[in-house]
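**Student:** Numbering of the sequence shown is given in my numbering, commencing with residue 519 and proceeding in unit increments. The structure's right below; bear with me while I get my questions together.
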Amino acid sequence: LRNGTGQYDGFMVGAFWYGDIVPPGYAFPIDELMESGDYPQWTYDSMPASLKNLHTWEGQGIGVLNDADGQVLYYRKSALENPDHQAAFKSEYGYDLPSPPTTWQQLKDIATYFNGKNWDGNDGEPDSGMVLHLKVGEQGHYHFQSLSSAFAITPGEKVDRYHNVYWFDPTDMKPLINSPGHVKALEFLQELHETGPAAQVGWSLGEAWDYFLRGKSVFVFSWGDVGSLCQDTSRSVIQGDCASAMLPASTEYYDHETGEFVQTDDPVRVGNTTGGSWHGVISNYSANPEATYSLMALMAVEPVSLWNAQHGWTGV
């Protein structure tokens with residue numbers, strides 16, 4: 519792109535690249551192509567507002583719908599709704615076993631309770647509470663973003679220096695990754711990883727997913743692929759017993775304005791990594807923007823988009 523050769527007509531980009539490719543003029547705006555009616559029809563209105571924002575820049579259409587990387591919590595419904603486990607959990611922790619948990623603190627209690635028990639019954643081996651993938655250089659950092667946002671973001675009505683910021687202070691671009699909220703989340707993650715298999719410190723994404731699909735953990739949190747993979751009986755033994763929910767909130771978060779941690783009984787679910795939300799962008803140097811858009815738009819129409827979402831191996 520920087521060389522301006524036009525070697526490639528389009529790219530599958532992460533939304534977090536927009537700041538590098540749109541202001542310098544590397545991306546081809548698509549509003550006129552969308553409105554012409556000459557190409558496969560899809561619309562930004564089919565997306566939630568948060569996802570639409572990731573495909574536009576200053577109100578101008580840039581990206582074509584493909585992926586949506588929002589993460590969710592997956593859990594074994596039969597385990598959380600088992601009366602014996604419910605009674606034992608309440609006896610040990612002093613409150614009803616929530617199905618699903620709504621806070622990370624509840625989730626850790628539940629994962630701790632189930633870890634080491636043979637609660638699944640598919641084999642004679644002990645099972646786990648939570649499975650993670652923590653291999654260095656892989657995709658665990660996206661999942662840390664989802665978890666840590668609940669601890670590191672100060673909720674508020676708008677984005678300003680203190681509220682709804684995660685990466686940096688918008689007034690001076692000072693990185694926030696070492697803020698007390700991020701550190702607290704990392705400490706929590708260290709505790710949470712103890713409720714899963716020791717080997718997960720060297721696992722990548724697929725290994726963690728497969729562990730959950732084999733019925734070995736109560737929880738995994740990740741992208742939408744897991745939901746459809748649960749229905750694939752060539753890989754999954756939990757078809758019909760894989761439920762999903764919004765990612766939990768945290769009863770403790772860092773207030774960037776006061777510099778103190780806040781304890782709350784009414785936490786706000788403030789964050790979720792949408793990752794790259796990988797999708798097509800046309801190069802502004804393309805000699806064939808119309809043909810490129812036609813292909814990308816075909817992949818964005820509802821029947822194709824739904825098919826991709828319903829098959830876990832597509833990555834959509």
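Heads up, the beta-carbon is just placed ideally off N, CA and C, and yes, glycines get one too.
Give me whichever residues DSSP pairs with M648 in a beta bridge.
**Tutor:** F737
**Student:** Where do the ends of the alpha helix (DSSP H) carrying A818 lie?
**Tutor:** Residues P807 to A818.
**Student:** Since H711 sits in a beta bridge, which residues does DSSP pair it with?
**Tutor:** H711 pairs with nothing; no bridge assigned.
**Student:** Mapping the DSSP letters down to three states, classify G720 as helix, strand or coil.
**Tutor:** helix
**Student:** Compute the Euclidean distance between the alpha carbons of Q525 and N802, then round it to the nearest angstrom.
**Tutor:** 11 Å
**Student:** Please confirm if the segment 614-629 is in contact with the segment 590-606, defined as three or more CB-CB distances below 8 Å between the two stretches.
**Tutor:** yes
**Student:** Quick check on this structure: which residue in T713, A827 and I756 has the alpha carbon closest to the alpha carbon of D627?
**Tutor:** When only C-alpha atoms are compared, the closest one is T713.
**Student:** Determine the closest residue to N600 out of E576, L569 and W637, with distance taken between C-alpha atoms.
**Tutor:** W637
**Student:** Kindly indicate which three-state DSSP category Y613 falls into: helix, strand or coil?
**Tutor:** coil
**Student:** Give the straight-line distance between the Cα atoms of I580 and N521, rounded to the nearest whole angstrom.
**Tutor:** 21 Å
**Student:** Let me know the secondary structure DSSP gives H797 once reduced to three states.
**Tutor:** strand
**Student:** Quick one: using the 10 Å Cβ neighbour count with 16 as the cut-off for buried, is D549 buried or exposed?
**Tutor:** So D549 counts as exposed.
**Student:** At 3 residues or longer, what runs of the beta strand (DSSP E) sit wholly inside the segment 567-617?
**Tutor:** 590-594
**Student:** Using a threshold of 8 Å, state whether the C-beta atoms of S762 and Y592 are closer than that.
**Tutor:** yes
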